[in-house]
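Residues 1416 to 1792 (the numbering used here) are what the sequence shown spells out, left to right. All C-beta atoms, glycine included, are put in the ideal place defined by N, C-alpha and C. As the structure is a prediction and not an experimental result, all values here were calculated from the model.
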Amino acid sequence: MAASVSSNKVDLAVAGPRVARDDPDTARLELARDPVFARVAEEPARIRHDGHVGSGLPGRVALTDTAAVGTELRAFTVADIDGAARMLAERHARHRAVEPLLPAIDDFRPHVAREFSADGASGAVSLRAGEVDGYVIGTRQEDPIGPHVRIALAGSASREPERIRDLYAAASRIWVDAGLTRHFAFVPAVDDLVEPWHRLSFGTSAALAARASDRQAVPNGGATVRLSTAEDLRDAARLDLLLHEHLERAPSFSGLPQRDLDWFVDDWRTTWDDPKYTHFIAEREGRPVGHLLLYRRPAGDLRVPAASIDLANAATLPEVRGSGVGLALTAYAIEWARANGYRAITTDWRMTNLEASRFWPARGFRPTFYRLYRSIP
Ligand SMILES: CC(C)(COP(=O)(O)OP(=O)(O)OC[C@H]1O[C@@H](n2cnc3c(N)ncnc32)[C@H](O)[C@@H]1OP(=O)(O)O)[C@@H](O)C(=O)NCCC(=O)NCCS
C-alpha cells in the first residue's frame, strides 16, 4: 500500500503525526509527515556524487591543529565507502555499549553506500596515514519549507569526535555554495558525539528513542483502553487532528500543511485493513478521550531494535490531560507489545512539543539518536 495512517508521531519522528510509507529507505519512514522528513525530491540534484563534487573541495586539505597533524580532508568518493563503513561500525559498537537495545549489524557497507548513492549526496572524508578515520555525507532533501541537507543515521562517523567539525566544515561549504542553508544531522545520543555539533551551532530539534517492553501494571486512570475497530475511524481522525493543531502552535510552529478533519478521515481509513498497525482507544464513560497507534516499523536501519514495534502516534483530549489517560494508554500498549512478542518499543518526539518531550522520557523511553538542526544564517 502506498501511505497509510499517521504512524508517526513525530515530529518527528519525531511528535506530530507521521505517515508511514512503504519504502526500503527506512530513514524516510521516520517522519514522513514531518516537513523535515517528507521527501519530495522533485528537483534534480544539484550536487554531483561521483567524487567531483560540484564546487567542492580544492583537492586535499591538510589540517594543521595539533591533534590533527597528519590528517587530510577531501571530498568523499565511492572508493571511501569501505573505510567509512569501518568508522560506522566503530561508532555503532560504541553506541550499543550505551544502548544495548540497538540492533546488532554485521555489515555497515550497505548503510554507507545507501547514503552516498542517494540523489544529491555529497560529503567529505578525513584520512590519517591513508586510512579513512571519519566522514560526513549529506543528501539534498525537499520539504514544504524548502530544500535542505540531511545527514542521516549512517551519514557521519569519526574516530575522533572533534574531527566531525572539520568534516562538516568541508562538506557544508559545498552545500552552502549550492544554496542549501538548512542542515539536519542525526547523531547518536552519546554526549561526546553530540557535543561537537553543538559547537557548530546545531541545536537539538527531536529525539528518536527506545525502551524495553517489559511487564506493565496497567493503571486505568479512570479510563478503559481497548483495541479499536474501523467504527472508531472518526474519533481517531479527530484525535490526530488535535495533535496536528497542537504542533502548529507555539513553540513547535510545525509549518505542516493545513489539514481538515476530512483529510484525517481519509488518511486513517485503511488503518484497520493494514497489518502494520495496531490502534487503541481510551474511553471514559463510553466517550473516546484518547488514542495510541503502534506501527510495525521495518527493521534494517541503525535505530530499529530487533523484535520491536513503534509507538507512532498518541493524543488525549486537552480537557483530560494530566488525569491519567496517557499513562493508561501507554502502559496498555507496552503490555500489549510484550504479550505479542515485541521485546522493545520505539518512539520519537520533537523537542519543541513540550508535553511529548516530558511525557515519553518519564515513561522510560531513552533517546537513541538526536536530530540536530542548523539554519544559516
Ligand atoms: C502526551 C499526551 C498524550 C499525554 O497524555 P495525558 O493524558 O496528559 O497523560 P497523563 O494524564 O496520563 O499523564 C500526564 C502527567 O500527569 C500525571 N498524572 C496522571 N494522572 C494524574 C493524577 N490523577 N494526578 C496528578 N497527576 C497525574 C502523570 O504522571 C504525568 O506526569 P509525569 O509525566 O510527570 O509522570 C498528551 O499530553 C497529549 O495528547 N499531548 C498533545 C499531543 C501530543 O503531543 N501527543 C504526543 C505526540 S508525540
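Comparing the CB of residue i with every heavy atom of ligand 1, is any distance shorter than 8 Å?
i	result
residue 1636	yes
residue 1775	yes
residue 1764	yes
residue 1694	no
residue 1537	no
residue 1633	no
residue 1770	yes
residue 1658	yes
residue 1729	yes
residue 1661	yes
residue 1743	yes
residue 1630	no
residue 1511	no
residue 1674	no
residue 1781	no
residue 1778	yes
residue 1640	no
residue 1669	no
residue 1643	no
residue 1738	yes
residue 1618	no
residue 1553	no
residue 1705	yes
residue 1719	no
residue 1735	yes
So what does DSSP say about residue i, is it helix, strand or coil?
i	result
residue 1373	There is no way to answer for residue 1373, as the model of the chain reaches only from 1416 to 1792.
residue 1757	coil
residue 1703	strand
residue 1684	coil
residue 1365	For the chain, the structure presents residues 1416 to 1792; residue 1365 sits outside this window and is missing.
residue 1772	helix
residue 1577	coil
residue 1731	strand
residue 1690	coil
residue 1785	strand
Give me the Cβ distance between residue i and residue j, rounded to the nearest whole Å; I'm assuming they're in contact under 8 Å.
i	j	result
residue 1510	residue 1517	6 Å
residue 1670	residue 1559	6 Å
residue 1787	residue 1590	With 8 Å as the limit, residue 1787 and residue 1590 do not qualify as a contact, their Cβ atoms being about 15 Å apart.
residue 1757	residue 1640	The Cβ separation is near 17 Å, so there is no contact.
residue 1608	residue 1718	With 8 Å as the limit, residue 1608 and residue 1718 do not qualify as a contact, their Cβ atoms being about 14 Å apart.
residue 1625	residue 1773	That pair is no contact at about 18 Å.
residue 1743	residue 1636	4 Å
residue 1740	residue 1705	4 Å
CB-CB under 8 Å to residue i, same chain, minus the five flanking residues each way: which ones, in chain order?
i	result
residue 1570	1530, 1538, 1551, 1552, 1553, 1554, 1600, 1601
residue 1752	1628, 1709, 1724, 1760
residue 1476	1487, 1488, 1489, 1585
By Cβ distance below 6 Å, which residues in the same chain neighbour residue i in space, the five residues on each side in sequence not counted?
i	result
residue 1767	1666, 1667
residue 1745	1778
residue 1360	This structure leaves residue 1360 out entirely; the chain is present only between 1416 and 1792.
residue 1647	1696
Among the residues of its own chain, which have a CB less than 7 Å from the CB of residue i, if the five just before and after it don't count?
i	result
residue 1605	1509, 1510, 1513
residue 1687	1644, 1645
residue 1672	1559
Meets three-Cβ-pair contact criterion under 8 Å: the stretch 1626-1645 and the stretch 1592-1599: no
Inter-stretch contact at 8 Å, needing at least 3 Cβ pairs: the stretch 1731-1745 / the stretch 1484-1502: no
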